[in-house]
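Everything below concerns the one structure shown next.
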Amino acid sequence: MRLLSLVGARPQIIKEAIIHKRLKEHDIEEILVHSGQHYDYNMSDVFFEVLGIRNPDYNLNVGSASHGEMTGKIMIEFEKVVLKEKPDMILVYGDTNTTLAGAIVGAKLKIPVAHIEAGIRQEPKDMPEEINRVLTDHVSTYLFCPSALAVENLKKEGIEKGVYFAGDVMYDLYLQMEKSFRYDTYKALELKENEYVLVTLHRDFNVDSKEKFEKILQQLKKISEQIKIVFPIHPRTRKRIEDFKLWKYLENAVIIEPVDYLNLMGLVKNCWKVITDSGGLQKEAYFAGKQAVVVMPDTGWRELVEVKWNSLSDENNLFDITMEDNSVEYPENVYGDGNSSEKIVEIIKTSFFRNS
1 MRLLSLVGAR PQIIKEAIIH KRLKEHDIEE ILVHSGQHYD YNMSDVFFEV LGIRNPDYNL
61 NVGSASHGEM TGKIMIEFEK VVLKEKPDMI LVYGDTNTTL AGAIVGAKLK IPVAHIEAGI
121 RQEPKDMPEE INRVLTDHVS TYLFCPSALA VENLKKEGIE KGVYFAGDVM YDLYLQMEKS
181 FRYDTYKALE LKENEYVLVT LHRDFNVDSK EKFEKILQQL KKISEQIKIV FPIHPRTRKR
241 IEDFKLWKYL ENAVIIEPVD YLNLMGLVKN CWKVITDSGG LQKEAYFAGK QAVVVMPDTG
301 WRELVEVKWN SLSDENNLFD ITMEDNSVEY PENVYGDGNS SEKIVEIIKT SFFRNS
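Encoded structure:
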């Protein structure tokens with residue numbers, strides 16, 4: 001059996017590496033293609049070291065462009081590789097232009113497409129990632145969902161065949177990395193367990209408008225009067241604070257430079273709550289048993305909001321949402337049991353040999 005994986009961004013590279021490890025264990029050949037959408041191979045990256053991430057077999061060198069041009073270029077170049085390699089299945093990951101391009105090529109050439117992280121839905125419907133998700137799901141043969149809600153989302157759209165609740169590959173990653181988490185920053189700041197809130201903000205809709213960003217920082221100031229805030233500041237966010245002259249709202253906050261993943265997870269593991277607009281950190285907080293207050297109008301990880309573990313907030317209610325006593329029993333296995341990659345590969349292998 002020969003599989004062809006298409007990636008184009010760092011999270012996809014990481015997911016592919018986890019799947020690749022399982023494929024090797026099952027003696028399944030996999031060819032790795034990088035679209036070049038975001039070429040971010042950094043071999044000093046901790047994930048690359050721990051996961052043993054390899055260089056791609058093909059790099060399409062597409063680079064940045066408009067959505068239409070990028071998707072079209074990837075399709076043209078990827079089709080050439082597919083016709084040359086003749087894979088039995090194409091694997092795509094997530095919700096980028098690379099994902100959509102790979103799915104369309106596979107569907108047009110009548111090669112089964114497996115979408116890893118299928119069924120996620122988020123408002124607004126016209127955002128590029130949402131368009132990519134929906135279209136990819138509708139042309140895929142195998143849809144590997146990270147949560148039960150993702151399965152339900154597909155069912156509402158009439159997609160039931162080939163749908164599997166496999167769990168989240170990123171939970172597999174979290175469990176693999178957990179033993180390597182670092183607590184240098186936590187110790188250097190002399191923090192105490194459950195006595196601080198970890199904050200990360202960087203989304204344009206939160207920080208690019210002075211009026212909205214100032215309201216968010218006013219809310220953070222109120223929180224910092226109740227409990228310590230630790231705020232690793234993203235360069236974009238720092239620039240907006242300086243441009244808008246808003247430092248006065250952060251006088252009580254512990255401001256630090258962005259930290260690496262391992263130290264960030266060390267901070268998450270020991271905090272009281274997380275305030276964030278990061279898609280990944282919302283889930284990682286849950287993995288660590290911590291609640292997240294999500295500063296977004298909607299989230300792709302609605303299941304955590306539906307079980308009342310995470311909460312959505314805005315510039316007007318961030319203080320109230322954060323400080324409320326949200327005593328909820330930890331919801332187990334929202335994203336599976338940490339063995340998603342094995343389940344995905346088992347399903348792929350079983351289905352292929354059953355149908356061949």
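Numbering follows UniProt numbering, in which position 14 of the sequence shown is assigned residue number 14; successive positions increment by one, without gaps. Think of the CB as a built atom: it goes at the ideal place given N, C-alpha and C, for glycine as much as any other residue.
Whole-angstrom distance between residue j and residue i, CA atom to CA atom
i	j	result
F47	G280	15 Å
M43	E257	Below a pLDDT of 50, predicted positions are generally treated as unreliable, and M43, at 49, falls in that range; the measurement from the model is reported next regardless. Cα-Cα distance, rounded: 22 Å.
H20	I53	9 Å
N326	W309	8 Å
E85	L4	8 Å
V151	E225	42 Å
K161	Y330	31 Å
K239	I255	14 Å
V33	S64	17 Å
A285	R121	20 Å
V169	I18	7 Å
K228	K192	10 Å
K31	M323	What sits at residue 31 in the sequence shown is Ile, not Lys. Each residue's alpha carbon lies about 49 Å from the other.
T136	I348	18 Å
S351	L6	21 Å
I116	D126	21 Å
residue 386	Q219	Residue 386 is absent from the structure shown; the chain starts at 1 and stops at 356.
L250	V305	28 Å
S313	V50	35 Å
N355	V139	19 Å
E29	E190	49 Å
Contact belief for residue i with residue j at Cβ below 8 Å, rounded distance in angstroms
i	j	result
V230	L264	About 10 Å; that fails the 8 Å criterion.
V295	L201	7 Å
K290	V307	Incorrect: roughly 14 Å between the Cβ atoms, too far for contact.
K343	A166	5 Å
P232	V259	5 Å
I241	F319	That pair is no contact at about 19 Å.
N252	K221	7 Å
Residue i and residue j closer than 7 Å at C-beta
i	j	result
residue 365	R2	Nothing can be reported for residue 365, as the shown portion of the chain is limited to 1 through 356.
C271	L198	yes
P112	M75	no
V62	E79	no
Y174	F287	yes
E315	L149	no
A107	V92	no
L100	N132	yes
S311	V293	yes
residue 360	G68	Because the chain spans 1 through 356 in this model, residue 360 falls outside it and cannot be assessed.
residue 377	Y335	The chain is shown only over 1 to 356; residue 377 falls outside these bounds and no answer can be derived.
Own chain residues within Cβ distance below 6 Å of residue i, not counting five before or after
i	result
I14	F47
P124	none
G338	Y171, D172 and L175
K73	V62
E129	D95
Same chain only: Cβ atoms within 7 Å of residue i, ignoring 5 sequence neighbours per side
i	result
R22	S341, E342 and V345
P11	G94
Own chain partners of residue i with C-beta closer than 8 Å, once the 5 adjacent residues on each side are dropped
i	result
K155	V163
Residue i CB to nearest heavy atom of the ligand SAM below 6 Å
i	result
T185	The model depicted lacks the ligand SAM and carries no ligand whatsoever.
For the segment 288-299 against the segment 235-250, are there 3 or more C-beta pairs whose distance is under 8 Å?
no
The segment 130-144 contacting the segment 175-193, beta-carbon criterion three pairs below 8 Å
Segments in contact, no.
Check whether the segment 205-223 and the segment 184-191 touch, using three or more Cβ-Cβ pairs below 8 Å as the test.
No: fewer than three Cβ pairs fall under 8 Å.
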